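Taking my numbering, the leading residue of the sequence shown gets 3, the next gets one more, and so forth.
Cβ atoms here follow ideal geometry from the backbone N, Cα and C, with glycine treated the same way.
Bear in mind that the values here come from a model prediction, so they are computed numbers and not experimental data.
Contents: one structure, followed by commentary.
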Amino acid sequence: KSSELVSFATPQSIHGVVRRLYPVVPSSSSPHQRPIIMSDPKPFYSTTPFAVGGYMLCSATLLISNKYAVHKIPAPSFILFSQLMGTALVVKAFAATGRIECDPLEREKAKRFAPVALIFLATIFSNLKSLQYANVETFMVFRFSTPLVISVADYLFLGRHLPGRQSWACLLALLVGAFGYASTDSAFEVKGYAFCAVWYCIFCLDQIYLKHITNTVKMRSNWGRVFYSNLLASAPLVFTFVGDADEIAALKNIDAPAATAVFVSVLLGAAMSYFAWMARSLLSAASFTVVGNVCKVLTIAINVSLWDKHASLFGIGCLLFCLGSAYFYKQAPMRADAKDDVLKDRKPLLPK
3 KSSELVSFAT
13 PQSIHGVVRR
23 LYPVVPSSSS
33 PHQRPIIMSD
43 PKPFYSTTPF
53 AVGGYMLCSA
63 TLLISNKYAV
73 HKIPAPSFIL
83 FSQLMGTALV
93 VKAFAATGRI
103 ECDPLEREKA
113 KRFAPVALIF
123 LATIFSNLKS
133 LQYANVETFM
143 VFRFSTPLVI
153 SVADYLFLGR
163 HLPGRQSWAC
173 LLALLVGAFG
183 YASTDSAFEV
193 KGYAFCAVWY
203 CIFCLDQIYL
213 KHITNTVKMR
223 SNWGRVFYSN
233 LLASAPLVFT
243 FVGDADEIAA
253 LKNIDAPAAT
263 AVFVSVLLGA
273 AMSYFAWMAR
283 SLLSAASFTV
293 VGNVCKVLTI
303 AINVSLWDKH
313 ASLFGIGCLL
323 FCLGSAYFYK
333 QAPMRADAKD
343 DVLKDRKPLL
353 PK
């Protein structure tokens, strides 16, 4: 029957199949007919809604997991180290089994990702210091103003247009909603302006530089970014809890439920890191910052519903106003004169 198959697959028959699969239509600009080839739709796990939804879900659940882990083990530095180093080990373990693809550790890539780790740690430190002098509601107002600055940085450094009128209005509405919520619980009060200003600058740098890394450092897969960023950021944290007598004492009394809580936080941290890098690669820096702000709104909603902190009806209305403003925000497109060759030639890393 092989001869029958060969005789059947004649040039005429193949041409007929192609004509049926890819019909041709006349072109107004040319007398010749051009085929219209329909590309296959992308799988859902490589789309922006999947990345953003996964990031938001992990952000909310990781908050609950971390609170429970710190309650069981009063050693926050160790828990953060476990999440970062554990994420790197989990990624390498799955890569060794062939289930995922992860870039090997290379000196040049490590050099490019070293500032990522330093900026990440600096953001955490300045965040904690800022919260010593400003309450959470006031800090929320500061954070919700960052997309305004990052939108301009997107235009100056990453080749995007400035946001349109609707998007500018949405960003301002986010800030107004955050300010309205902050005014319901406590007055706008900041004592340490220096730490808040330092955090503000580092956070904006974090959003822009990490987007620059996704555009310029070629990686085999998104898991490679997860591996490099978590491994390099975990190394300096060893010294934060090794010399802390209180944390060492807490670690000596770990039981099975406490170890399980840390393990769950490691898995959630790995998932959040993956979705965060995935979302960064698919969104602009400003859009990713808006998504992060929405996560903060959802975090506050979880706090209101699960713990003893109750917001007024006006405060809840402000949170809903923030969510509505974020929904109508539109990402600014790339400029035609953008000279980032990596953006033009970059191949998608998903799914891997």
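query	result
Which word fits Asp156, buried or exposed, when buried means at least 16 other C-beta atoms lie within 10 angstroms of its C-beta?	buried
By how many angstroms is the C-alpha of Ile210 removed from the C-alpha of Ile304?	29 Å
Could you please give the first and the last residue of the uninterrupted alpha helix (DSSP H) stretch that includes Arg222?	Careful: Arg222 lies outside any alpha helix (DSSP H) and carries neither H nor E.
Leaving out five residues on either side along the sequence, give the residues of the same chain with a beta carbon under 6 Å from the beta carbon of Gly271.	Gln85 and Thr89
Extract the residue ranges of the alpha helix (DSSP H) inside the stretch 33-95, only unbroken runs of 4 or more that lie entirely within it.	50-74
Restricting to Cα atoms, I'd like to know which of His163, Cys198 and Ala278 is closest to Ala338.	His163
Indicate whether the contact test is met: 3 or more Cβ pairs, each with one atom in the stretch 100-107 and one in the stretch 274-287, closer than 8 Å.	no
Give the straight-line distance between the Cα atoms of Leu253 and Phe243, rounded to the nearest whole angstrom.	10 Å
In terms of residues, what are the limits of the alpha helix (DSSP H) holding Gln1?	Outside the shown range of the chain, which is 3 to 354, sits residue 1, and nothing can be said about it.
Helix, strand or coil, according to DSSP, for Arg101 in the structure here?	coil
Looking at the structure shown, is Arg162 part of a helix, part of a strand, or coil, going by DSSP?	strand
Tell me whether Tyr47 is buried or exposed, calling it buried when 16 or more other Cβ atoms sit within 10 Å of its Cβ.	exposed
CB Asn68 to CB Leu176, shorter than 9 Å?	no
Fully enclosed by the stretch 275-336, which alpha helix (DSSP H) runs are 4 residues long or longer?	287-308 and 315-329
Using a Cβ-Cβ cutoff of less than 7 Å, which residues in the same chain neighbour Lys74 once the five nearest sequence positions on both sides are dropped?	Pro259, Ala260 and Ala263
Does the stretch 220-234 come close enough to the stretch 104-124 that 3 or more CB-CB pairs lie under 8 Å?	yes
Between Ile204 and Ala136, how many whole angstroms is the CB-CB distance? I'm expecting something under 8 Å.	Between Ala136 and Ile204 the Cβ distance is about 15 Å, and since that is not below 8 Å, they are no contact.
Going by C-alpha distance, which of Lys131, Ala53, Met274 and Val299 is nearest Val200?	Lys131
Going by CA-CA distance only, name the one from Val151, Met142 and Leu284 that's closest to Gly55.	Leu284
To the nearest angstrom, how far is the alpha carbon of Ser61 from that of Met274?	7 Å
Give the DSSP-derived three-state secondary structure of Lys213 in the structure shown.	helix
List the whole-angstrom C-beta distance separating Met336 from Gly166, where the pair is believed to meet the contact cut-off of C-beta under 8 Å.	Their Cβ separation, rounded to whole angstroms, is 14 Å, which puts Met336 and Gly166 out of contact at 8 Å.
Which of helix, strand or coil does DSSP assign to Ile256?	coil
Identify which residue in Gly182, Ser267, Glu249 and Pro238 has its Cα closest to the Cα of Ser314.	Gly182
Would you identify the three-state DSSP class for Pro149, choosing helix, strand or coil?	helix
Identify, in the order they occur along the chain, each residue of the same chain with its Cβ nearer than 7 Å to the Cβ of Pro78, setting aside the five sequence neighbours on each side.	Val72
Please go through the same chain and pick out, in chain order, the residues whose beta-carbon is closer than 6 Å to the beta-carbon of Trp225, but skip the five residues on each side of it.	Val93, Ile102 and Cys104
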